[in-house]
Amino acid sequence: EADIYQTPRYLVIGTGKKITLECSQTMGHDKMYWYQQDPGMELHLIHYSYGVNSTEKGDLSSESTVSRIRTEHFPLTLESARPSHTSQYLCASSEGGVPPYGYTFGSGTRLTVV
Amino acid sequence: KQEVTQIPAALSVPEGENLVLNCSFTDSAIYNLQWFRQDPGKGLTSLLLIQSSQREQTSGRLNASLDKSSGRSTLYIAASQPGDSATYLCAVSKSNSGYALNFGKGTSLLVTP
Chain A
1 EADIYQTPRY
11 LVIGTGKKIT
21 LECSQTMGHD
31 KMYWYQQDPG
41 MELHLIHYSY
51 GVNSTEKGDL
61 SSESTVSRIR
71 TEHFPLTLES
81 ARPSHTSQYL
91 CASSEGGVPP
101 YGYTFGSGTR
111 LTVV
Chain B
115 KQEVTQIPAA
125 LSVPEGENLV
135 LNCSFTDSAI
145 YNLQWFRQDP
155 GKGLTSLLLI
165 QSSQREQTSG
175 RLNASLDKSS
185 GRSTLYIAAS
195 QPGDSATYLC
205 AVSKSNSGYA
215 LNFGKGTSLL
225 VTP
């Protein structure tokens, strides 16, 4: 079944720790995205990728980094977590300008930095 | 920078009512517009996608319209049900930025039995 998977679902971690949020999709989509969403607020684009070895920063400044070594995998890394990084992180994929044009979102990772 | 605004921010209606959610965007050079549903603590579920060349899309009790020139879209929900209670998000994309979506803050809908 075509889908997009994010792990972990919930993460509580101490300040200063390095963390990697995983995102994998089974649809072979070229375009992948990371969004950050604070409670009651809109989703903000923090990173996106056109395809393998392509990564770009989004509209919202973020201290995180991403990599795209394989089409299906788009992990997000925080080298040193801080309480200000507490948020929900949503991963998505799409075929961009190719029909049926749709986007698929993962269930999200809710990160709490204490 | 694209700004997406959704009105109202919150809405409470009794079961069975028809309702309209509004979305406006500042840059009309969009590639497509999509409506999503988000349940508390969950990811996003795609409801309807309208390409910039289209005027509307329908799925079951949902109908979405798009007026690109005026920067507006509406989501019409017929015969609302308690299961429709969720936050509804409007998002637009452009062909640059990898077709990434710009989101509004959403309309929080509560349908009471």
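Chains A and B, in that order, are what the protein sequence lines are. Each residue of the first sequence is one higher than the one before, starting from 1 at the first, in this note's numbering. Each residue of the second sequence is one higher than the one before, starting from 115 at the first, in this note's numbering. C-beta atoms are modelled at their ideal positions from N, C-alpha and C, and glycine is treated no differently.
Delimiting residues of the beta strand (DSSP E) encompassing residue i
i                      : result
residue 128 of chain B : 124 to 128
residue 57 of chain A  : 54 to 57
residue 32 of chain A  : 31 to 37
residue 210 of chain B : Unbroken run through residue 210 of chain B: none, as it is neither H nor E.
residue 171 of chain B : 170 to 173
residue 43 of chain A  : Segment: none, residue 43 of chain A is in no beta strand (DSSP E) and carries neither H nor E.
residue 22 of chain A  : 19 to 25
residue 116 of chain B : First-last for residue 116 of chain B: undefined, no H or E at that position.
residue 230 of chain B : This structure cannot speak to residue 230 of chain B, because chain B is shown only from 115 to 227.
residue 146 of chain B : 146 to 152
residue 225 of chain B : 221 to 226
residue 92 of chain A  : 87 to 94
residue 71 of chain A  : That residue, residue 71 of chain A, is in no beta strand (DSSP E); it is neither H nor E in DSSP.
residue 132 of chain B : Counting along the chain, residue 132 of chain B falls outside any beta strand (DSSP E), and DSSP gives it neither H nor E.
residue 166 of chain B : No beta strand (DSSP E) contains residue 166 of chain B, which DSSP labels as neither H nor E.
residue 110 of chain A : 109 to 113
residue 187 of chain B : 186 to 191
residue 101 of chain A : Taken as a continuous stretch (DSSP letters only), residue 101 of chain A belongs to no beta strand (DSSP E), as it is neither H nor E.
residue 7 of chain A   : 4 to 7
residue 76 of chain A  : 76 to 78
Counted within 10 angstroms of its Cβ, other Cβ atoms place residue i as buried (16 or more) or exposed
i                      : result
residue 84 of chain A  : exposed
residue 17 of chain A  : exposed
residue 118 of chain B : buried
residue 87 of chain A  : buried
residue 66 of chain A  : buried
residue 68 of chain A  : buried
residue 81 of chain A  : buried
residue 94 of chain A  : buried
residue 224 of chain B : exposed
Pair within 8 Å by beta-carbon distance, residue i and residue j
i                      : j                      : result
residue 151 of chain B : residue 159 of chain B : yes
residue 31 of chain A  : residue 5 of chain A   : no
residue 37 of chain A  : residue 90 of chain A  : yes
residue 121 of chain B : residue 206 of chain B : no
residue 71 of chain A  : residue 28 of chain A  : yes
residue 244 of chain B : residue 131 of chain B : Chain B is shown only over 115 to 227; residue 244 of chain B falls outside these bounds and no answer can be derived.
residue 164 of chain B : residue 146 of chain B : yes
residue 113 of chain A : residue 20 of chain A  : no
residue 142 of chain B : residue 183 of chain B : yes
residue 48 of chain A  : residue 56 of chain A  : yes
CB-CB length for residue i against residue j, believed under 8 Å
i                      : j                      : result
residue 226 of chain B : residue 154 of chain B : With 8 Å as the limit, residue 226 of chain B and residue 154 of chain B do not qualify as a contact, their Cβ atoms being about 17 Å apart.
residue 137 of chain B : residue 186 of chain B : 7 Å
residue 134 of chain B : residue 213 of chain B : Not really, about 27 Å apart at Cβ, beyond 8 Å.
residue 92 of chain A  : residue 104 of chain A : 6 Å
residue 58 of chain A  : residue 45 of chain A  : 3 Å
residue 106 of chain B : residue 215 of chain B : Within the shown structure, residues of chain B are numbered from 115 to 227, placing residue 106 of chain B beyond reach of any answer.
Interface residues of chain C facing residue i [CB-CB closer than 7 Å]
i                      : result
residue 215 of chain B : No chain C is present in this structure, whose protein chains are A and B.
Between the region 47 to 64 of chain A and the region 4 to 13 of chain A, can you find at least three pairs of beta-carbon atoms closer than 8 Å? no
Evaluate the contact criterion for the region 218 to 225 of chain B versus the region 196 to 205 of chain B: three or more CB pairs, one atom per stretch, below 8 Å. Between the region 218 to 225 of chain B and the region 196 to 205 of chain B, the count of Cβ pairs shorter than 8 Å is three or higher; the stretches touch.
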